[in-house]
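Residues in the sequence shown are numbered from 1211 upward in steps of one, following our numbering.
Ideal placement from N, C-alpha and C gives every residue a C-beta, glycine not left out.
Computed from a predicted structure; not experimentally measured.
Just below is one structure, and these are the notes that go with it.
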Amino acid sequence: MKSLRELVNRKKAGQGRGLDTGKEDERHVEKLFMYALGRINNNISRSDFKRFYLKKEILYVRATHPSIASEIWRSRERIVKEINMKAEEEIIRTIKIN
């Protein structure tokens, strides 16, 4: 467990939202993805996706239906822009839909 001093120093250095490798980072990006998607299209929910994973600044998404995948594909640039704007840094470059 990290000490309070380590957490405070990390926040001061501006690395509080920085992404490392791990499951918690994928969950953070998933939450940002759903936030951005909600701002663009309110009809799509979390249950419309099977899997999310992040690899080398590329977000891989598996949708449950081809129409959902098509909708994500059409608005992928706006989604990437929203995610990076909300995270205040460039955490993903592109979205791949499987």
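Handout entry: Cα-Cα separation, Thr-1304 to Ser-1257
Key = On the sequence shown, position 94 is the one that residue 1304 refers to. On the sequence shown, position 47 is the one that residue 1257 refers to. Each residue's Cα considered, the two are about 22 Å apart.
Exercise for the section: Starting from the Cα of His-1238, find the closest Cα among Ser-1213, Lys-1296, Ile-1307 and Arg-1272 and give me that residue. Expected result: Taking the first residue of the sequence shown as 1, we reach residue 1238 at position 28. That would be Lys-1296, whose Cα lies nearest to the Cα of His-1238.
Exercise for the section: Kindly indicate the opening and closing residues of the alpha helix (DSSP H) around Arg-1284. Expected result: In the sequence shown, counting from the first residue as 1, residue 1284 sits at position 74. Counting along the chain, the alpha helix (DSSP H) containing Arg-1284 begins and ends at 1276 to 1284.
Exercise for the section: Go ahead and label Ile-1301 buried or exposed: buried means 16 or more other beta carbons lie within 10 angstroms of its beta carbon, across all protein chains shown. Expected result: Here residue 1301 refers to the residue found at position 91 when the sequence shown is read from its first residue. Ile-1301 should be labelled buried.
Handout entry: Residue nearest to Ile-1282 in terms of C-alpha spacing, selected from Phe-1243, Leu-1264 and Glu-1267
Key = Locating residue 1282 in the sequence shown gives position 72, counting from the first residue. Taking only the C-alpha atoms, the option nearest Ile-1282 is Phe-1243.
Problem - Whether Leu-1269 touches Phe-1262 by CB criterion (9 Å) - result: Start at 1 with the first residue of the sequence shown, and residue 1269 comes out as number 59. Start at 1 with the first residue of the sequence shown, and residue 1262 comes out as number 52. Contact: yes.
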